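Colleague: Below you'll find the structure I mean.
Protein chains: 2
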Amino acid sequence: MKKYKKIEPVDTGSLVDKVEIKLLAFFKDNNLKPGDAIPKELEFAESLGVSRTVVREALLRLRTLGLVESKKHRGMILKQPDIINNFERILDPTLLGEDTLKQLFELRLILEMGMADFLFENRDQKDLDELEEIVEAEEATETGKIRFTLDKEIAFHGKLYQMSNNTTLQKFQSLLLPVFDYVYLKETKDTDLDDYHFSGGKFVTHRMLLENLKVGTPETFRSAMRRHLEPHFDHAFKKNGSK
Amino acid sequence: MKKYKKIEPVDTGSLVDKVEIKLLAFFKDNNLKPGDAIPKELEFAESLGVSRTVVREALLRLRTLGLVESKKHRGMILKQPDIINNFERILDPTLLGEDTLKQLFELRLILEMGMADFLFENRDQKDLDELEEIVEAEEATETGKIRFTLDKEIAFHGKLYQMSNNTTLQKFQSLLLPVFDYVYLKETKDTDLDDYHFSGGKFVTHRMLLENLKVGTPETFRSAMRRHLEPHFDHAFKKNGSK
Numbered sequence: 493m494k495k496y497k498k499i500e501p502v503d504t505g506s507l508v509d510k511v512e513i514k515l516l517a518f519f520k521d522n523n524l525k526p527g528d529a530i531p532k533e534l535e536f537a538e539s540l541g542v543s544r545t546v547v548r549e550a551l552l553r554l555r556t557l558g559l560v561e562s563k564k565h566r567g568m569i570l571k572q573p574d575i576i577n578n579f580e581r582i583l584d585p586t587l588l589g590e591d592t593l594k595q596l597f598e599l600r601l602i603l604e605m606g607m608a609d610f611l612f613e614n615r616d617q618k619d620l621d622e623l624e625e626i627v628e629a630e631e632a633t634e635t636g637k638i639r640f641t642l643d644k645e646i647a648f649h650g651k652l653y654q655m656s657n658n659t660t661l662q663k664f665q666s667l668l669l670p671v672f673d674y675v676y677l678k679e680t681k682d683t684d685l686d687d688y689h690f691s692g693g694k695f696v697t698h699r700m701l702l703e704n705l706k707v708g709t710p711e712t713f714r715s716a717m718r719r720h721l722e723p724h725f726d727h728a729f730k731k732n733g734s735k
Numbered sequence: 493m494k495k496y497k498k499i500e501p502v503d504t505g506s507l508v509d510k511v512e513i514k515l516l517a518f519f520k521d522n523n524l525k526p527g528d529a530i531p532k533e534l535e536f537a538e539s540l541g542v543s544r545t546v547v548r549e550a551l552l553r554l555r556t557l558g559l560v561e562s563k564k565h566r567g568m569i570l571k572q573p574d575i576i577n578n579f580e581r582i583l584d585p586t587l588l589g590e591d592t593l594k595q596l597f598e599l600r601l602i603l604e605m606g607m608a609d610f611l612f613e614n615r616d617q618k619d620l621d622e623l624e625e626i627v628e629a630e631e632a633t634e635t636g637k638i639r640f641t642l643d644k645e646i647a648f649h650g651k652l653y654q655m656s657n658n659t660t661l662q663k664f665q666s667l668l669l670p671v672f673d674y675v676y677l678k679e680t681k682d683t684d685l686d687d688y689h690f691s692g693g694k695f696v697t698h699r700m701l702l703e704n705l706k707v708g709t710p711e712t713f714r715s716a717m718r719r720h721l722e723p724h725f726d727h728a729f730k731k732n733g734s735k
C-alpha cells in the first residue's frame with residue numbers, strides 16, 4: 493500500500509494575517525484617509541486571489557480594531573481609529589497578569605509625576621475652584637489619619653487628569669481606573685497606611701498640592717506630588733515606610 | 493392595495509455586540525482565568541439563542557483583541573491579553589487626526605518627565621556605560637549646533653525607557669515612535685531649532701542628563717529633563733523660543 497506523505501492543513505489563520513497586512517498596505521499606498529470609501533470585499537478577493545471569506549474575516553478584524561466601518565449604501569469606509577476604545581474591553585484586572593498590573597500602576601505614578609507642566613499651562617480659576625470644593629469636602633470628613641479612601645483619591649486625581657487638557661490621557665486614565673482600584677486595594681492590604689512613616693517631614697495632602705497649583709511652579713508641584721505619592725513609590729520599589 | 497408598515501432590517505451588528513458583552517460577562521462570572529478552556533461555539537449559540545455565525549463573529553472579535561485563542565485539539569482558551577499589541581495596527585500617524593497626534597506627543601513629554609524615579613531606582617553600571625557610549629558617539633559627530641537628529645534622540649531616550657524596567661511602558665514607547673517621528677518632523681519644519689533661544693542659561697544636553705543620572709537625584713534629573721525638552725514643551729504650548 494502506498495505510503496502517503498502527511499497532508500498539511502491549510503493555515504487559514506495566517507492567510508487572514510497576510511490579507512490584513514495587504515489591506516493596511518493598500519490603504520497606505522493609496523494615501524486613503526478616514527472617511528474614504530474602500531473597495532468591495534469581492535474586489536479585494538479577486539485582486540488578492542483569496543476567498544471572500546478570508547477577506548471578510550480580515551475586514552472584520554479591522555472593524556473590531558475600529559479602522560474601518562460599514563456605512564449604509566456606501567459599503568465600507570476608513571475610520572479614524574479610537575486608540576483608547578480597544579483598550580476598554582481587554583483591561584479587566586482579573587485577566588491581566590500581576591506583572592502587567594504592577595507596570596500599569598507604575599505608569600500611573602509616571603503620568604502623575606509627569607503632567608505638572610500641562611496643569612500649570614491649562615489651569616484656570618474654574619479648575620482651582622473645583623479642586624477647592626473637592627478638598628473642602630475631604631476636610632469636612634477629616635479623621636486626622638492619613639487616609640486614602642478611594643473615592644477621594646479618584647475625585648482629586650481625576651480632576652488633575654482633566655486639567656491636563658489631553659483627552660487621550662483622560663480616557664487612558666479612566667480606562668486604567670479598575671486597574672488602579674485593584675492595585676490600590678491590594679496595596680492597602682499590604683501596608684497599613686495609617687501607620688505609614690514618611691522618610692522625613694510630613695505628608696503632602698491634597699490641600700498642599702492645591703496650594704502648589706495656585707501659587708507654585710511645575711517644579712514645586714512635582715516635588716509635592718512626589719512626596720504625596722511616596723507610599724505608592726515605596727510599594728513599587730518594595731520599600732516599607734511603616735514601623 | 494394594502495399599505496405595509498416599513499419592515500426594519502435586523503440589526504446584526506448589535507446582536508454581535510450583545511453576544512460579545514455576554515461572553516465577557518460569562519468569563520467573569522465563572523471566574524475564568526487565562527489558559528482556561530471556554531465552551532464551544534455551538535454551546536454558546538444554544539445557550540444564547542443565537543446563530544453560530546453570530547457567536548463566531550463575536551469570538552473572532554475577542555480573538556482579534558487577543559482575549560481568546562484557538563488551540564489545536566483544545567478548542568478555544570482564554571488568553572492574557574497583550575494590551576499593547578492592539579495598538580500596533582492602529583497607530584499609523586496618517587490615520588490619526590492632528591488632535592490625537594498632538595496628544596500622543598504630549599504624552600511622550602509627560603512620560604519622560606515622570607519616569608525619573610524609576611530610572612534612579614533601576615540604574616546600574618551597565619546602563620550608565622551604555623548611555624556613555626551613546627553620548628560619546630554623539631559627541632564624536634558634534635557640529636556645535638543644537639541638533640536633534642532623530643536617530644540620536646531615539647538611541648538616548650529609548651535607552652531611558654528601557655531603564656524604566658517597565659516592559660509595558662517600553663512597548664508603548666516603541667509603538668509610539670512613528671507618531672513621535674511624525675510630530676518631530678512637523679515640529680522641525682515649524683521651528684528652526686538651530687536658532688532656538690532658551691529662556692535662560694544654556695541647553696541641557698544628553699551628556700548633562702547622563703551626569704545627572706550618575707550623581708544627581710530624581711529631582712535634579714527632572715529639572716534637567718524639563719530644560720532638555722523645552723523646545724518641545726514650547727511647541728506644545730504654542731510658545732516660540734526662536735528669534
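Sequence lines, in order, name chains A and B. Counting from 493, one number per residue, gives the positions in the first sequence under the numbering used here. Counting from 493, one number per residue, gives the positions in the second sequence under the numbering used here. C-beta: ideal position from N, C-alpha, C; glycine also. Note that the structure is a prediction, hence the values are computed from the model and not measured.
Roughly how many angstroms lie between the CA atoms of residue 655 (chain B) and residue 519 (chain B), to the nearest whole one?
Modeller: One C-alpha to the other measures close to 36 angstroms.
Colleague: Roughly how many angstroms lie between the CA atoms of residue 641 (chain A) and residue 697 (chain B), to the nearest whole one?
Modeller: So the alpha carbons of these two residues sit roughly 42 angstroms apart.
Colleague: In terms of residue numbering, what span does the alpha helix (DSSP H) encompassing residue 602 (chain B) cover?
Modeller: Note, residue 602 (chain B): alpha helix (DSSP H), 590 to 606.
Colleague: Please classify residue 696 (chain A): does DSSP put it in a helix, a strand, or coil?
Modeller: Of the three classes helix, strand and coil, the one that applies to residue 696 (chain A) here is coil, per DSSP.
Colleague: Please determine, among B:700, B:647, B:527 and B:711, the residue with the shortest C-alpha to C-alpha distance to residue 589 (chain A).
Modeller: For residue 589 (chain A), the nearest C-alpha among the options comes from B:527.
Colleague: Alpha carbon to alpha carbon, what distance is there between residue 529 (chain B) and residue 561 (chain B)?
Modeller: Looking at the two C-alpha atoms, the distance is approximately 10 angstroms.
Colleague: Looking at the secondary structure, which residues open and close the beta strand (DSSP E) in which residue 561 (chain A) lies?
Modeller: 560 to 563 is the extent of the beta strand (DSSP E) around residue 561 (chain A).
Colleague: Using alpha carbons as the reference points, say which of A:714, A:699, A:598 and A:705 lies closest to residue 626 (chain A).
Modeller: Comparing Cα positions, the closest option is A:699.
Colleague: Can you grab the Cα-Cα spacing for the pair residue 499 (chain B) / residue 542 (chain B), in whole Å?
Modeller: Distance between the alpha carbons of residue 499 (chain B) and residue 542 (chain B): 21 angstroms.
Colleague: If you draw a straight line from the C-alpha of residue 707 (chain B) to the C-alpha of residue 715 (chain B), how long is it?
Modeller: For residue 707 (chain B) and residue 715 (chain B), the distance between alpha carbons rounds to 14 angstroms.
Colleague: Please report how far the alpha carbon of residue 609 (chain A) lies from the alpha carbon of residue 668 (chain B), in whole angstroms.
Modeller: Cα-Cα distance, rounded: 21 angstroms.
Colleague: Pairs of beta-carbons, one from the region 546 to 566 of chain B and one from the region 561 to 572 of chain A, closer than 8 angstroms: are there three or more?
Modeller: No, because fewer than three Cβ pairs between the region 546 to 566 of chain B and the region 561 to 572 of chain A fall closer than 8 angstroms, the two stretches do not touch.
Colleague: Run through chain B and tell me which residues come within less than 7 angstroms of residue 598 (chain A), C-beta to C-beta.
Modeller: Here the neighbours are 610 and 658.
Colleague: Contact criterion: CB-CB distance below 7 angstroms. Does residue 566 (chain B) meet it with respect to chain A?
Modeller: No, residue 566 (chain B) does not count as interfacial toward chain A.
Colleague: Whole angstroms is fine: what's the gap from residue 551 (chain A)'s alpha carbon to residue 506 (chain B)'s?
Modeller: Distance between the alpha carbons of residue 551 (chain A) and residue 506 (chain B): 17 angstroms.
Colleague: Relative to the alpha-carbon of residue 573 (chain B), which residue among A:556, A:676, A:572 and A:592 has its alpha-carbon at the smallest distance?
Modeller: Closest by alpha carbon: A:592.
Colleague: Can you tell which of A:710, A:712, A:713 and A:679 has its C-alpha closest to the C-alpha of residue 726 (chain A)?
Modeller: If we check each option's Cα against that of residue 726 (chain A), A:679 comes out closest.
Colleague: Would you say residue 603 (chain B) reaches chain A, if we count a Cβ-Cβ gap shorter than 7 angstroms as a contact?
Modeller: Output row for residue 603 (chain B): interface = yes.
Colleague: Please list, in chain order, the chain B residues whose beta carbon lies closer than 8 angstroms to that of residue 589 (chain A).
Modeller: Within 8 angstroms Cβ-Cβ: 526 and 572.
Colleague: Using beta-carbon positions only, say whether residue 601 (chain A) and residue 724 (chain A) come within less than 7 angstroms of one another.
Modeller: For residue 601 (chain A) and residue 724 (chain A), yes; Cβs fall inside 7 angstroms.
Colleague: Considering only their Cβ atoms, is the gap separating residue 645 (chain A) from residue 728 (chain A) smaller than 7 angstroms?
Modeller: Cβ distance not < 7 angstroms, so residue 728 (chain A) and residue 645 (chain A) don't count as in contact.
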